[in-house]
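Chemist: Take a look at this one; I'll ask things after.
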Amino acid sequence: TLKSTGLTRLSLLHPDVASIVNGKDDSWDPFSNALILGLCDTADAILEHPAYDFSCIPWQIDSYMIKEKQDYRPHPDFDRNVSSERVEKTLRKFFSMRTEAGYEEPDYESFVEMSVKGTLPNELV
Numbered sequence: 013t014l015k016s017t018g019l020t021r022l023s024l025l026h027p028d029v030a031s032i033v034n035g036k037d038d039s040w041d042p043f044s045n046a047l048i049l050g051l052c053d054t055a056d057a058i059l060e061h062p063a064y065d066f067s068c069i070p071w072q073i074d075s076y077m078i079k080e081k082q083d084y085r086p087h088p089d090f091d092r093n094v095s096s097e098r099v100e101k102t103l104r105k106f107f108s109m110r111t112e113a114g115y116e117e118p119d120y121e122s123f124v125e126m127s128v129k130g131t132l133p134n135e136l137v
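Each number in this note's numbering comes from the position in the sequence shown (counting from 1) with 12 added on.
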């Protein structure tokens, strides 16, 4: 099933996954897909893959995941049973791991603030 985190973790062990863990140019990446669906455990597992590329912040975070925005609307396929606290935990993990990977700005709080104000630089998303 889509919510099978164990199967996702097992799939992430396959050596060829490194070539697709960040998605392809013509599609949404696996992390963004999992996140907008509310599959936070799956999104977390993808973040933990050694080949995950933190250089870009997926635009889907700004578009669908920042509940503080006045015009906030989750993706239509988002699982409404997933709490905003659980989503925030995954978002904080993303920004923390991004910092650990050497990308200092922005941190989670700064990103949310810029997203709410509509001042995110184009190069971030």
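C-beta: ideal position from N, C-alpha, C; glycine also.
#1: Ignore the nearest five residues each way along the sequence and tell me which others in methionine 77's own chain have a CB closer than 8 angstroms to its CB.
#2: Can you give me the C-alpha to C-alpha distance between aspartate 74 and proline 27, rounded to a whole angstrom?
#3: Could you name each continuous alpha helix (DSSP H) segment of 4 residues or more that falls completely within the region 58-114, going from the start of the chain to the end?
#4: From threonine 13 to proline 118, what distance separates their C-alpha atoms?
#5: Compare the Cα-Cα distances from aspartate 89 to each of Ala63, Lys79, Leu51, Lys129 and report the closest residue.
#6: Would you check if the distance between the CB atom of valine 33 and the CB atom of alanine 63 is smaller than 8 angstroms?
#7: Are the beta-carbon atoms of lysine 81 and serine 127 separated by less than 8 angstroms?
#8: According to DSSP, is serine 31 part of a helix, a strand, or is it coil?
Modeler: Put simply:
#1: Leu47, Ile48, Pro86, Val99, Leu103
#2: 31 angstroms
#3: 96-112
#4: Confidence at threonine 13 is low in this model, with a pLDDT of 41, below 50, so its placement is unreliable and no value can be given for it.
#5: Leu51
#6: yes
#7: yes
#8: helix
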